[in-house]
Amino acid sequence: MDRVRSVLALCAATVLAVPGITALSSAARAADADLARNGGFEAGLDGWTCTAGSVVNSPVRSGGSALKATPAGSDNARCAQTVTVKPDSQYTLAGYVRGDYAYLGASGTGTTDVSTWTQSAPDWQRLSTTFRTGASTTKVTIYTHGWYGTGAYHADDISLVGPGVDAGQPPAAPATPTVGTVTSTSVALSWPSVPGATGYAIHRNGTKIQSASGTSATVSGLSPSTAYSFQITAVNAAGESAKSPAVTATTTSGPGGGDPADLPAHALVGYLHASFANGSGYTRMADVPDSWDVIDLAFGEPTSTTSGDIRFSLCPATECPNVESEAEFKAAIKAKQAAGKKVLISIGGQNGQVQLTTTAARDTFVSSVSKIIDTYGLDGLDIDFEGHSLSLNADDTDFKNPKTPVIVNLISAVKTLKAKYGNDFVLTMAPETFFVQLGYQYYGTGKWGGQDPRAGAYLPVIHALRDDLTLLHVQDYNSGPIMGLDNQYHSMGGADFHIAMTDMLLTGFPVAGDTNNVFPPLRPDQIAIGMPATPNAGNGHVPSSETNKALDCLTKKTNCGSYTTHGTWPALRGLMTWSINWDRFGGWEFSKNFDGYFG
């Protein structure tokens, strides 16, 4: 959050080391067959398993489709398929690639696994290698991948030519699955067995999410009060069946941790410039319209970066001639609370860098924030740490078990405040995308070092406090392009950015591409979308029509555009904006649109 505006550029450097194996070549015999399934990607990713791949229509080498895959963090964007082969037989693997550091290879050959690569292919370049299967080898895995920290690569027309094997037919599609026990975060499914199937795959909202060896499974990691569609496919050596008919299940409501009972089902959150003035002008607390359900006082700031001593005072009259008195300000807060509104102290902002490097600073933070809350009779705390307030030490690689003092001490301080004030204490956070969604690609300094240590640094704080968290409203503005769960970069300026960024919070995501280290989804009632109120308030402002498209897509799954969400969340809490003052400057367009949308 910026008193005027700020732009935080994305920054992540990586270390590159590229091993290479010289490619071999071999002419195929006339009787040989191409065993690669969907090598031209004309059927999407059918037959392929990709960590970070999607099908694009341009550039393509032939046909209408090609693979695009983007390495991220510790993920080299591998796409692979397992092919049935004959033992003791010669095969030629070939394909066309574009981009930097693109690989093509085969593993599990039973003899010597092979790989070929190109360091740079500005246009389509053919890669080819050969191998002989072992005496008992019946399956090999062919794959493509890029290299860590580099850009996207493309692949097309991949072939594996050699003696074919009759693998039979894929199984029939399963019958409609049955929904069993449903909780706030999981759905149990079962289905009849399919003759000839060796396993099954579960698809959620059209996307394959897990496999099962038997005829039942429990899908977990879901969001409360959310409708999901499930389908099952049967699998054998010949491939995967068509999908079963879909069944829909709606998860139950969540436990409500951190959610005061009197907060509206759909809430509007705004920051009030209470301690300073800028081009938007000063707005008195008593003049804040009833549209605003949560009012964040901007800002409480530290006496020094590492002191932990937070101070707050009203804007001086020399800067804000129409500022109210302390007594009037306190009386207006009480009137807002009597009308059901929540008033919080927001700590940080662009100028208020806070680094709790010691336990002494932590304890000072608790006592000084408590004093502000008690002095003004506030309902809770908003954490708006920006800039260099949060970063991760080089050895801090697991967001579930943070080690860095500024992270650990902040978590401890907030938990102490929550315990002091009880269940009705309102806790909100307003991180920038750099500190949250960027964690899908980069976390801290990275596996090989060199990345910005602030990347994803809010994730351990959010995760540790998720049961106490009332609202997370990430600032979807002043942001560079961010990769979404579709492995495409999304930029500010339209509904798509808000949809993709919010979907990540409600779906969860692997941190730095590590599928064994997934940031779990938050409840939809914990999420508000952060937007600038006017073009003057910050980069990334969108008109009301785009705001409504984003809300339609996330709560109704309509008007979604090119991005496909992983669920539908009618319980999404609402919107946050910077700021109430800027909305007043803009004729209250933002708040009036919110009121019109949610009635």
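When we follow the working numbering, the leftmost residue of the sequence shown carries the number 805, and every step to the right adds one. Every residue, glycine too, gets a C-beta built ideally from N, C-alpha and C.
| Item | Value |
| --- | --- |
| Quick one: grab the DSSP three-state call for R1166. | helix |
| Compute the Euclidean distance between the alpha carbons of I1215 and T989, then round it to the nearest angstrom. | 24 Å |
| Under a three-way DSSP split, which group does F1238 fall into? | helix |
| Helix, strand or coil: which one does DSSP assign to N1227? | coil |
| If the criterion is Cβ atoms closer than 8 Å, does the pair R1258 and S1027 meet it? | no |
| Going by the beta-carbon positions, is the gap between V1147 and L1185 smaller than 8 Å? | no |
| On a CA-only basis, which of A1001, A1038, D836, E1130 is nearest S963? Give me that one, please. | D836 |
| State the start and end residues of the unbroken alpha helix (DSSP H) segment that holds C1357. | 1348-1360 |
| Indicate the three-state DSSP secondary structure (helix, strand or coil) for P1209 in the structure shown. | helix |
| So what does DSSP say about G1400, is it helix, strand or coil? | helix |
| Report the CB separation of V1170 from T1220 in whole angstroms; it is logged as a contact under 8 Å. | 5 Å |
| Indicate whether at least one CB of chain C lies closer than 8 Å to the CB of A884. | Chain labels in this structure do not include chain C; a single protein chain is all it has. |
| DSSP state of P926, grouped into three classes? | strand |
| Quick check for students: name the residue ranges of the alpha helix (DSSP H) that lie wholly in the segment 1278-1358, counting only runs of 4 or more. | 1299-1311 |
| Straight-line CA distance for D917 to G868? | 31 Å |
| Taking the alpha carbon of F1238 as the reference point, which residue from G1152, H1267, L1231, G1284 has its own alpha carbon closest? | G1284 |
| Sorted by chain position, which residues of the same chain lie with C-beta nearer than 7 Å to G984's C-beta, five sequence neighbours on each side aside? | A992, L993, S994 |
| DSSP beta-bridge partners for F1133? | Per DSSP, none; premise fails for F1133. |
| Pick helix, strand or coil for S869, following the three-state DSSP scheme. | coil |
| Under the assumption that S866 contacts L897 (Cβ atoms under 8 Å), give the Cβ distance between them as a whole number of angstroms. | Actually they do not touch by this definition, with Cβ atoms about 18 Å apart. |
| Suppose you measure from the CA of N1397 to the CA of T1381; what does that come to, to the nearest Å? | 12 Å |
| Tell me, please, which residues DSSP counts as bridged to Q1014. | I1006 |
| What's the C-alpha gap between A816 and A1046? | Unreliable positioning characterises A816 in this predicted model, as indicated by a pLDDT of 34, which lies under 50. A coordinate reading is not provided. |
| Quick check on the DSSP output: what are the complete beta strand (DSSP E) runs of length 3 or more inside the segment 894-943, in order along the chain? | 894-911, 918-936 |
| Compare the Cα-Cα distances from I1137 to each of P863, I1099, T1109 and report the closest residue. | I1099 |
| Taking T1404 as the reference, give the member of S1029, I1013, T1030 with the closest Cα. | Outside the shown range of the chain, which is 805 to 1403, sits residue 1404, and nothing can be said about it. |
| Going by alpha carbons, who is nearest to A1102 out of P1374, G1152, V1127, I1114? | G1152 |
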